[in-house]
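Going by our numbering, the sequence shown opens with residue 2, and the numbers climb by one from there.
Heads up, the beta-carbon is just placed ideally off N, CA and C, and yes, glycines get one too.
Here the structure comes first, spelled out in structure tokens, and everything after it is commentary.
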Amino acid sequence: MAKRPFVAGNWKMHGTRAELGEVTSISIETETIDNVLVALCVPATLITRAVSASPGFLIGAQDVHHEKKGAFTGSVSVAMVKDAGAKLTIVGHSERRELLGETDEQVRDKAELAIDAGLKTILCVGESLKVRETGQALNFVQQQLEKSLPDMVTAPVHLSIAYEPIWAIGTGKVASAEDIEKMHGRIRKVLDERYGDGAASIRILYGGSVKGSNAKEIFAIDGVDGALVGGASLIASDFMPIVHAAAEVTKD
Ligand code: PGA
């Protein structure tokens, strides 16, 4: 991995005040690891508390609305998560695309608003099992990415892409090293074509059942600049081995 790797946890709909100790443990344990960028995307209700409990540590949101403000009951805006202390947000996670019908255009608008506001942004893409089985995964993800990428002239410095095959999320299944390398290569090509030289600073993360036991192997794959981690990010003792694996691969 050429860039400083980025390991971000996604707590999804898990976590109340009782779990804040895990945030604190992770933030303390990462203090001495300066060659990996580490973040936790917690539920919106925990952002402020997590920021107070771990000053200086990168706390993020898991989603933002695609409009700046308005009559959108239950939604949170970029300005709101920023005000709560988030420095980062995920956009376009497959659980929102699939379960809530979010479109590529909405994901693009979210990414634009977040980047404009100075938030680091992890934009997720990934194919379903059905698409993978028809042999169309590369083309599907390319098109999804092309439509979801922020419409900016220069490369957004705060942007990362997370490739998360839907069938690998929370299932214990991981894409093969060959498939990950091919997909990250395709994503890199799309970024280069869209943003030119500046695209080099955009990280491409892998997500889907990343764990301490497989992290080293995944980080060693060409084109993988980090990971987006769900289940294994909830507890410090599961998450830290992944961070350490990223730190070790950089030293190779
Ligand atoms: P997982 O989730 O690590 O539990 O598979 C990854 C994600 O959805 O971001």
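Taking one beta carbon from each stretch, the stretch 42-59 and the stretch 124-141 have fewer than 3 pairs nearer than 8 Å; the two do not touch.
Ser234 sits in a helix when the DSSP states are folded into three classes. Annotation for Asn11 indicates a beta carbon within 6 Å of some heavy atom of ligand 1. Distance from the CA atom of Ala85 to the CA atom of Leu150, rounded to whole angstroms, is 26 Å. Going by beta carbons, Gln143 and Val191 fall inside the 7 Å limit. Contact between Val37 and Pro6 holds: their C-beta atoms lie close to 5 Å from each other, under 8 Å.
For Phe220, no beta strand (DSSP E) encloses it; the enclosing alpha helix (DSSP H) starts and ends at 216-220. Taking 7 Å as the cut-off, the Cβ atoms of Val65 and Lys111 count as close. When C-alpha distances from Ser26 are compared across Glu249, Glu194, Ile236, the shortest belongs to Ile236. Relative to the non-hydrogen atoms of ligand 1, the Cβ of Val230 comes within a distance shorter than 6 Å of at least one. In this structure, Ile167 lies away from Ser55, with their beta-carbon atoms at least 7 Å apart. Counting the other Cβ atoms within 10 Å of the Cβ of Ala9 gives 16 or more, which makes it buried.
Counting along the chain, Gly136 sits inside no beta strand (DSSP E), nor does DSSP assign it H or E at all. Distances between the C-beta of Ser26 and the heavy atoms of ligand 1 are all 6 Å or more. Linking Val211 to Ala87 through their CA atoms gives a straight-line distance of about 24 Å.
Relative to ligand 1, even the nearest heavy atom lies 6 Å or more away from the CB of Gly173.
Not one heavy atom of ligand 1 falls within 6 Å of the beta-carbon of Ser161. In the same chain as Asn215, and ignoring 5 residues on each side of it, the C-beta atoms closer than 7 Å to its own belong to Val175, in chain order. Not one heavy atom of ligand 1 lies closer than 6 Å to the C-beta of Ser177. Residue pairing from DSSP places Leu160 in a beta bridge opposite Thr122.
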